[in-house]
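A.B. asks: Reminder that position 37 of the sequence shown reads as 46 in our numbering, one-by-one numbering, no gaps.
Sharing a structure with you now.
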Amino acid sequence: MEAKQVKEALSKLKENSKKRNFTQSVELIINLKDLNIKNPDEQVDLFIDLPHSPGKDIKVCALVGPELREHASKVCDKVIFVDDFASYTDKKDIKKLAEEYDYFIAQATVMPKVAQTFGRVFGPRQKMPNPKAGLVVPPKANLEPLVERLRRTVRARAKTHLSVQTLVGKENQNEDELVENILTVYNAVAHKLPREENNIKNAQLKLTMSKPVMI
10 MEAKQVKEAL SKLKENSKKR NFTQSVELII NLKDLNIKNP DEQVDLFIDL PHSPGKDIKV
70 CALVGPELRE HASKVCDKVI FVDDFASYTD KKDIKKLAEE YDYFIAQATV MPKVAQTFGR
130 VFGPRQKMPN PKAGLVVPPK ANLEPLVERL RRTVRARAKT HLSVQTLVGK ENQNEDELVE
190 NILTVYNAVA HKLPREENNI KNAQLKLTMS KPVMI
């Protein structure tokens with residue numbers, strides 16, 4: 010996929026979309042082919058670090074022991090200390106927590122207690138601290154660059170359908186930034202596939218309330 014194709018699709022998308030009374034998100038849809046999506050080796054589940062923020066307000070919660078308590082409180086939106094895990098006995102409170110925060114960082118030494126306390130609710134919602142995204146950290150980790158990266162991170166997943174749909178920016182975002190974000194996601198997904206671009210049927214762009222436009 011070339012930058013020129015993406016720019017043409019963005020232009021067409023804006024021309025064909027109704028103006029809404031809110032700023033719409035731009036989403037990239039990558040339709041896949043010739044894959045056995047039931048085979049874990051052919052599924053897609055990527056955390057992609059975008060060159061530019063996709064414009065979403067990302068909230069990060071840290072689940073930590075004493076070593077990271079003070080540092081995490083300076084860089085994360087919420088910190089839950091390991092000694093306070095015991096207060097989360099009501100499933101409703103844990104569900105509310107999972108809905109409120111986009112990412113959960115866990116100190117590696119408290120991960121067993123994280124799994125025990127939050128796992129049954131976080132797991133099905135894909136909110137467990139994920140090592141693939143660097144969300145399980147050592148006791149003396151510097152969380153600042155991690156949190157900064159998470160604010161530019163999107164998740165691309167295809168585990169049940171032959172399609173990936175991912176946020177790449179906002180409709181009022183600089184066009185070059187949007188193009189770079191779109192190409193970053195497209196290339197990351199292509200490189201993950203067994204036959205790379207040969208496993209991609211097509212790619213589309215859409216706004217929150219618009220119909221998709223082919224790239």
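Beta carbons are placed, not taken as given, at the ideal position from N, Cα and C, and that holds for glycine.
On a predicted model such as this, the values are computed, not experimentally measured, just so you know.
Going by Cα to Cα distance, which pick from T217, P154, L155 and V145 is closest to Q33?
C.D. replies: Cα-wise, what sits closest to Q33 is T217.
A.B. asks: Are G178 and H80 closer than 9 angstroms when you measure CB to CB?
C.D. replies: Contact: no.
A.B. asks: Is the CB-CB distance between L22 and V156 below 9 angstroms?
C.D. replies: No; because the gap between Cβ atoms is not below 9 angstroms, this pair is not in contact.
A.B. asks: Out of curiosity, what's the CA-to-CA distance linking L159 and Q182?
C.D. replies: Approximately 19 angstroms, taken between the alpha carbons.
A.B. asks: Give the list of continuous alpha helix (DSSP H) stretches no shorter than 4 residues that lie fully inside the stretch 42-72.
C.D. replies: Listed in chain order, there is nothing to give.
A.B. asks: Less than 6 angstroms between C-beta atoms, sequence neighbours within five positions excluded: which residues of the same chain meet that for T118?
C.D. replies: Closer than 6 angstroms at the Cβ level, and outside the excluded window around T118, lie G74 and P148.
A.B. asks: Measure how close the beta-carbons of L202 and N211 come, nearest whole angstrom, since I'm counting them as under 8 angstroms.
C.D. replies: Incorrect: roughly 14 angstroms between the Cβ atoms, too far for contact.
A.B. asks: How many angstroms separate the CA atom of A199 from the CA atom of D66?
C.D. replies: Distance between the alpha carbons of A199 and D66: 27 angstroms.
A.B. asks: Going residue by residue through the stretch 104-186, where are the continuous alpha helix (DSSP H) segments of at least 4 residues, counting only ones entirely within it?
C.D. replies: List check, alpha helix (DSSP H) in window: 120-131 and 152-159.
A.B. asks: Take the Cβ of E4 as the centre, count every other Cβ of all protein chains shown within 10 Å, and call the residue buried at 16 or more, exposed below.
C.D. replies: Residue 4 is absent from the model: the chain starts at 10 and stops at 224.
A.B. asks: Can you list, in chain order, the residues of its chain whose CB lies under 7 angstroms from that of K141, leaving out five sequence neighbours each side?
C.D. replies: So the qualifying residues of the chain are F56.
A.B. asks: Check for me: the alpha helix (DSSP H) holding Q33 runs from which residue to which?
C.D. replies: From DSSP, Q33 is part of no alpha helix (DSSP H); its letter is neither H nor E.
A.B. asks: Please report the residue range of the alpha helix (DSSP H) in which V84 lies.
C.D. replies: Note, V84: alpha helix (DSSP H), R78 to V84.
A.B. asks: Rounded to whole angstroms, how far is the Cβ of L77 from the Cβ of Q116, which I believe are closer than 8 angstroms?
C.D. replies: That pair is a contact at about 5 angstroms.
A.B. asks: Among T193, L72, K27 and L37, which residue has its Cα nearest to the Cα of K136?
C.D. replies: If we check each option's Cα against that of K136, L72 comes out closest.
A.B. asks: List the endpoints of the continuous beta strand (DSSP E) containing N211.
C.D. replies: N211 -> beta strand (DSSP E) spans I209 to L216.
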